[in-house]
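Please read the structure below before turning to the comments.
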Amino acid sequence: MGKIQLLSDTLASQVAAGEVVERPASVVKELIENSIDAGARNIEMRVRRGGISSIQIADDGCGMDKTDALMSLERHATSKLRESSDLESILTMGFRGEALPSIASVSKFRLTTRETNALEGTEILINGGKLISVKEAGEAPGTQIEARSLFYNMPARRKFLRTENTEFSHIEHQVRVHAIAHPRIRFLLVHNERTTFHLPATESLFERVRGLVGNELAMRLLEIRKQERNGIKISGFIGQPGVSRSNRSLQ
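For the sequence shown, position 17 matches number 37 in our numbering, and the numbering has no gaps at all.
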């Protein structure tokens, strides 16, 4: 027998997962970006033990039919590219088609999804990259994803995860970054049954920032009005002189 052989699909997905899923926050990032690309206006996240035990994300985006739901779990399957020229005008958060199969290969994974006008949805269960079941489901329109026991089948990777508080701080950072970038989307983050923050949708970036940093700090910010030069646009908020911190937590 030759020395060089093709990897099995399951093992190839687990190897690829190392590039996509570094820690629980990586899962949250990929799933939030999928929700945004799906046109969601409400994104709810519930995590346990810093995301190590479970991560649940539900959105009210466009949802998928059964065929697309199954295809989304194949490697390099995506709705965001059609031909190589599309790479020159990427308008979505992600496009490689690796996130869902990578996450499913290193967790106990559940996906339920239903299109807005569909009478029924689809539920898919996968354990460590192995398909367990596909059946009809009656969830609300949109997509709900749960990833439990992250890296349960890769103990060498699991032992490199940090404490629950450290892992959750990375999750919180990812949610803050996306919440600031998308103030028109409602975000809810719950950790161990306690609400970390609940950010209503708003047309005002300032209101979104205030919801994240509190009124006292928000009132000490100066607005950078939108400017454009050489095709580059910049806007936002910056601290007044005297507003300083010992770390980059709110940068």
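Just so you know, even glycine gets a beta-carbon here, dropped at the ideal spot from N, CA and C. Keep in mind that this is a model prediction, so the values were computed, not measured.
Under the rule that 16 or more other beta-carbon atoms within 10 Å means buried, what is residue i, buried or exposed?
| i | result |
| --- | --- |
| residue 187 | buried |
| residue 266 | exposed |
| residue 179 | exposed |
| residue 204 | exposed |
| residue 152 | exposed |
| residue 202 | buried |
| residue 223 | exposed |
| residue 236 | exposed |
| residue 35 | exposed |
| residue 148 | buried |
| residue 139 | exposed |
| residue 249 | exposed |
| residue 27 | exposed |
Measure the alpha-carbon distance for residue i versus residue j and round it to whole angstroms.
| i | j | result |
| --- | --- | --- |
| residue 129 | residue 44 | 13 Å |
| residue 243 | residue 268 | 19 Å |
| residue 246 | residue 258 | 13 Å |
| residue 227 | residue 238 | 9 Å |
| residue 183 | residue 121 | 26 Å |
| residue 84 | residue 133 | 6 Å |
| residue 261 | residue 191 | 30 Å |
| residue 221 | residue 25 | 51 Å |
| residue 241 | residue 123 | 39 Å |
| residue 157 | residue 142 | 5 Å |
| residue 61 | residue 254 | 25 Å |
| residue 215 | residue 177 | 29 Å |
| residue 86 | residue 74 | 24 Å |
| residue 263 | residue 234 | 14 Å |
| residue 185 | residue 95 | 32 Å |
| residue 131 | residue 181 | 24 Å |
| residue 159 | residue 252 | 43 Å |
| residue 91 | residue 42 | 24 Å |
To which residues does DSSP link residue i through a beta bridge?
| i | result |
| --- | --- |
| residue 243 | 257 |
| residue 76 | 66 and 166 |
| residue 129 | 146 and 167 |
| residue 215 | 210 |
| residue 55 | BP columns for residue 55 are empty, so no partner. |
| residue 264 | DSSP lists no partner for residue 264. |
Taking the Cβ atom as the reference point for each residue, do residue i and residue j lie within a distance shorter than 8 Å?
| i | j | result |
| --- | --- | --- |
| residue 89 | residue 144 | yes |
| residue 125 | residue 167 | no |
| residue 68 | residue 173 | no |
| residue 119 | residue 64 | no |
| residue 30 | residue 150 | yes |
| residue 218 | residue 225 | no |
| residue 136 | residue 175 | no |
| residue 52 | residue 194 | yes |
| residue 197 | residue 66 | no |
Give the C-beta separation of residue i and residue j to the nearest angstrom, bearing in mind that I take them to be a contact with Cβ-Cβ under 8 Å.
| i | j | result |
| --- | --- | --- |
| residue 71 | residue 40 | Not really, about 15 Å apart at Cβ, beyond 8 Å. |
| residue 163 | residue 58 | 7 Å |
| residue 55 | residue 81 | 6 Å |
| residue 93 | residue 146 | 7 Å |
| residue 170 | residue 200 | Between residue 200 and residue 170 the Cβ distance is about 26 Å, and since that is not below 8 Å, they are no contact. |
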